[in-house]
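Right, one structure below, let's go through it.
Chains as they are written, first to last, in this note's numbering: chain A, 24 to 675; chain B, 7 to 319; chain C, 50 to 403; chain D, 621 to 807.
In structure tokens:
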């Protein structure tokens, strides 16, 4: 065994605090170390050539490079040693920058620590064995879950690269929350005007298969080779036949709540959510349908000119293979009623959410763009907007910012002035957050042009008085108690993860945070990846964000996906779990804990049942290692004995 | 014990063998036995010397149809073994016996000589003709008895003990006799205490082999080179290490049957460690091994939970 | 005959401890029901009534001991290996005093309060490890410890149901392996020297003269060995017998580790860091699966029954065949301490009746 | 049994191995390597002698010690050879060794072949796989004493052609006119 040790100076990043030559000298005293040196920039081309030359000159078979984080250059140096003829996995990186030079001041002590870290690396590499990557084929088709603006953008970008996409949407139409908005800040362009063409584009793109009224039920497999079961729910309408003529909707005798319009107005049991729906087909909600509640009706079937109604329709399950998955399941608005009894808890009809207000503002909404008080249909004069309802509120366990409330209230104040010129808007806010491009100007415009009065403070209470709503709050800037008589109160409710986000995450084996938003692999360096290879995030499923950020992330996810599936095959890491079959006791703890379903039972020739790792599924997370009572599952490159050697070395 | 014998015979119609006890003619106390035939079953007994936890044999007999005579405490081990797939419920006929507390025979022998005549009268004890307070010779686990009657059984024999034996003997959940002493010690003194205790260890692994939940059996990492968690030397340092390994491997598994401490030939108070950990597991996860067939052991559960990976920044 | 009053035993131990480490049956702290051979210190109360749980063989064959140390170093572009002293470095491996390895091999040691079965077991081990120079195999570490050991034996006037040393001719009266024997009598102990070394101890002025007669010694259970050695060979393949005999066995190593004549050991290297290490030897037990596990994964003794058959066969058949002596002295420890109540005599008698 | 020489192991220290250096490592098959060794102590190396078929204990201190047949003939005085299949901890460490590395050896040990009793007779040596190691020593001894024996036949088999050890020797045995060499593989 002949080990070479290279200490990187990283310019002064390391050398200013760690005496690299001293570390190199100390390496020479270690067993089997035949060469060591300090290099100014090991990752540079001359640095790498120095390493390769030393490997060849001293006939080295293992290499330790003490430099920066392996996240930075492990791949670089694996390639370097491989070029010099050493198995790339016989190279061990030791982090003496982030773990040492950057966090210490005392040169002597930092050098001492760097020596210890280097010696641990040598101890570990001594126990290393050559590892080899293998290749698996990649399925090119991509699954996008969620048909909001994020899913639409990702699907279109991926399809533009000529890659087939399946877009699954839970609702009857594409569009998501953005389709419900009237205008968008800070440009005030019409939401439908910019979104509808994209929805239609999806419909007509020959590389996109759109499945609405559908959910992903199960996902198996691994990066490049997923298999998903997609359940298409029965809607009693044959989508192929339906022409979207609205006759059934008009004749339907069963009333139903209008979810698309956030409860403003009413819908029918068979309905089309909006005129621009894609696909433009009706769907029937059995829970509201007279035929299913009372057992007799059949009007829609009778009136349908296209013969598209099929009461016998059943759920169907598609199973398909996908190379990558983009999760774009969006958000829902916080249900404020139980959390805020002081705001009326939903008992006052004239306290509405900003989304309900948005639907009133919309020309295609139930009020056709007229602002009307729900209680009496009168046009309000004084309108109070309250921000941060269900955001930034530790007391109800929701500490995070919704990212868009400040801006959409500014937008609604401006639109209010346009709709009712003699109206007066009051906005209770906590802090003004206008961090995007042109946002600050937009907020000023609400103040200046729309005359909105901004009051910094929380609202304590709302109570009705003489047909008005009295909004009590504190103005923390003036220190005064305030009371505003409002005709209408609009609440800027915060974001919550979409319904079922956690369950979906569990089905996909991806992590999620305490608020059920899905977690990215690294907040800065891997913002669209998840910890599961091949599954990417786009939009508000990952956390609250506005439309520009959503679209940017969706395109980023699309770029990652295109990079992945445009290859025919991909290399898999050999640093996965391994079972010593001779000693496996068949207790199956590993199978129970494996989050990737990467372990199976196998019967050996002698009849014993043992666990085997499906290497292409294993992500090398190591959970099976710790669950294995006799420790016969080990993680290649991180075996128990390697870790023990490191510990023994540092305790030496 | 006509009832027990009949029940075992009946069970044998359905299973290959039944694990139970016979009386050792030389000492008069119970010893573990396997009954394969009705004729053998005639010798079956159950009395207050049936201290052994027969569940220890289940993992080695996995896959065969068995009967097992179980006290309340032993049944807890059976439950935990089923949960951990080391025994199959459908392959098992549990013959429950109501237990009114058992004697630490080894303690009696060590004090009065091996084979001394033990006359247990239920409320008092005569040893080699001398009367001794029965309390002094109860198995320690009886003091913290959780179930005198088995929680799971297919057939029940004898009288129900009507509650935990600890209640019968006047105490419940009693801490280890040494725990109060140990709590008062400073960390360094505690260390010295354990060093002293483990300096006696001869690494015979009786603690491991009598433990029903040490089901790795022959493939135990305390003795392997790969991985090399414990050195091969017999000394206090290594013995402490292997016991730490054993204790942590039994996290969420130990049902507190006390067999390890009973089997230890050099008198190391192993249940002190186990008790401590069992309490910690109960506090942390609300889990007590052997409570329920439906429970999921915390150490064998992986679920993607909120904030599992946390934020790296 | 020489006599010592019971109350003067501590004084005797004090005299012995002047020149040697004295090991005697003592109750460890916090463990009243345990009795072990432990290093005696003034004030410690020796228990000469009960039996110890582990034999004193560790005084000649410690639970583990270093054989030698080694160290690697780097010279100019080449590696060097140095092998240390064959005598090892006692204690360097963290061995504790209670293992008996704390003393350097060759340090004067007294074993006080051994029973005849224990003392006799030393002669069994002598035959194997070689006491005299020039024997086919001489184990330097064993020899050094053995040569420095003085054995003061306590003759048994009573026994318990596990004892069976009377199975051999001299039984509790055996003087083999002892240097000095104490006989319990009214008020104290009569003493008789067996070896020169034992006689030399009788010169100490602590002894009184006594006219008391030697007490009657215990009469233990007897196992009829007779032709057991050939019988065991006959039933070697009778797996049914061995399986039934070991049904309650859980395969722990207590019986072998407590046994005064079991001598199997394992040799392995322990590293202290990556450069320095020691080759060590420690007790091994034939009841362990790993004892015969081969690298290929094959184990010629895969089940407890196979392993127990070997244990019995080795003690009572093959070893007597080869060496002329049974690997057992009837001390009964394996019976007293077995966690599952397995009695080796039942198996031997069962084999005899087969 | 004839006297077995024990030169190499000090009678007073039977447990202590002697340091030796790896002179050469020969890769015989994908999982078998031969090591040629010499004791570091030159006078010991000069007096070191063994009989065909005897074994030695080879240590890689730190990994452990294991028994291997000496695969070189007694007449080879420059070095002695072990052939080792990689299976466990010690053999893996042995496979890591390269020329110049240090090991430790206790040898010779064990019994020999009763070659004296075979004089004047025809000898057939049959071996397979790594089992050939002691037989190589034996066969080369027989070749060294060719005149003492009648016909010499060597039958050597391995699982597959890639598992055949001692290819160079095989070629020489094959070419040798006065020995009969037969090889076979299982598959």
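From the three backbone atoms N, C-alpha and C, an ideal C-beta is built for every residue, glycine too.
Integer Cβ distance of residue 17 of chain B from residue 99 of chain B, believed to fall under 8 Å: 5 Å
In DSSP terms, what residue 153 of chain C is bridged to: The partner list for residue 153 of chain C (beta bridge, DSSP) is empty, contrary to what the question assumes.
For residue 696 of chain D, the three-state DSSP class (helix, strand or coil): coil
Among B/59, B/58, B/231, B/38, the one whose alpha carbon lies nearest that of residue 49 of chain B: B/38
Chain-ordered neighbours of residue 101 of chain A on chain D, where CB pairs are closer than 8 Å: Simply none; closest approach about 21 Å.
Range covered by the beta strand (DSSP E) that runs through residue 270 of chain A: Segment 270-274 is the alpha helix (DSSP H) holding residue 270 of chain A; no beta strand (DSSP E) there.
Residues in the segment 68-84 of chain C having any Cβ partner in chain B nearer than 7 Å: Result list: 77, 78, 79, 80, 82, 83.
Residues that DSSP places opposite residue 497 of chain A in a beta bridge: A/504
Closer than 8 Å to chain B by CB, residue 137 of chain C: Note that residue 137 of chain C scores a pLDDT of 48, beneath 50, so its modelled location is shaky; the value from the coordinates is reported in the next line. False, the Cβ-Cβ gap to chain B never drops below 8 Å.
Distance between residue 724 of chain D and residue 688 of chain D (C-alpha atoms, nearest Å): 13 Å
Same chain, Cβ closer than 8 Å to residue 72 of chain C, five either side skipped, listed in chain order: Around residue 72 of chain C: 86, 87, 88, 89, 105, 108, 149, 158, 159, 160, 161.
Neighbourhood of residue 130 of chain C by C-beta distance below 7 Å, restricted to the same chain and skipping five residues each side: 119, 121
Of the residues C/351, C/74, C/314, C/320, the one placed nearest residue 66 of chain B, counting alpha carbons only: Of all alpha-carbon atoms in C/351, C/74, C/314, C/320, the one lying nearest the alpha-carbon of residue 66 of chain B is that of C/351.
Rounded straight-line distance, which links the Cα of residue 237 of chain B to that of residue 144 of chain C: Residue confidence is low: residue 144 of chain C scores 43 on pLDDT, short of 50, so the model does not pin down where it sits. Its coordinate-derived value is still stated next. Answer to the nearest angstrom: the Cα atoms are 12 Å apart.
Sequence-distant residues of its chain with Cβ nearer than 6 Å to residue 226 of chain A (five each side left out): 301
Cutoff 8 Å: residue 644 of chain D Cβ touching any chain C Cβ: no
Same chain, Cβ closer than 7 Å to residue 383 of chain C, neighbours up to 5 away in sequence not counted: 304, 307, 308, 393
Three-state secondary structure assigned by DSSP to residue 217 of chain C: Looking at residue 217 of chain C - three-state DSSP - the assignment turns out to be coil, as it is neither helix nor strand.
Any 3 or more C-beta pairs closer than 8 Å across the segment 326-334 of chain C and the segment 279-299 of chain C: no
Residue-level contact to chain G via CB, residue 43 of chain B, 8 Å cutoff: The structure shown contains no chain G; the protein chains it does contain are A, B, C and D.
Any chain B beta carbon closer than 8 Å to residue 303 of chain C: yes
Sheet register partners of residue 244 of chain A (DSSP bridge): A/249
Rounded C-alpha distance that separates residue 354 of chain C from residue 285 of chain B: 38 Å
Three-way DSSP call (helix, strand, coil) for residue 2 of chain B in this model: Examination of residue 2 of chain B is not possible in this model, given that chain B is present from 7 through 319 alone.
Residue 36 of chain B (DSSP reduced to helix, strand or coil): strand
Neighbouring residues, chain C, relative to residue 666 of chain A (Cβ below 8 Å): In chain order: nothing, as chain C lies at least about 14 Å away.
Residue 165 of chain A versus A/273, A/159, A/157, A/183, residue with shortest Cα-Cα distance: A/183
Start-end ranges of the beta strand (DSSP E) lying completely within the segment 687-772 of chain D, minimum 3 residues: 700-705, 722-729, 743-748
Residues within the segment 612-637 of chain A neighbouring chain B, beta-carbon criterion of under 9 Å: 612, 615, 616, 617, 618
8 Å Cβ cut-off: residues of chain B touching residue 571 of chain A: The contacting residues do not exist; residue 571 of chain A stays about 23 Å from chain B at best.
Alpha carbon of residue 317 of chain C to alpha carbon of residue 685 of chain D, nearest angstrom: 8 Å
Integer-rounded CB distance, given that residue 588 of chain A should sit under 8 Å from residue 215 of chain A: Between residue 588 of chain A and residue 215 of chain A the Cβ distance is about 32 Å, and since that is not below 8 Å, they are no contact.
Given residue 122 of chain B as reference, the closest of B/159, B/190, B/137 once Cα atoms are compared: B/137
Cross-chain neighbours of residue 189 of chain C in chain D, by beta carbon under 8 Å: Residues of chain D passing the Cβ test: 632, 633, 634, 635.
Residue-level contact to chain B via CB, residue 317 of chain C, 8 Å cutoff: Yes, its Cβ sits closer than 8 Å to a Cβ of chain B.
Residue from B/247, B/34, B/224 whose Cα sits closest to the Cα of residue 197 of chain B: B/247
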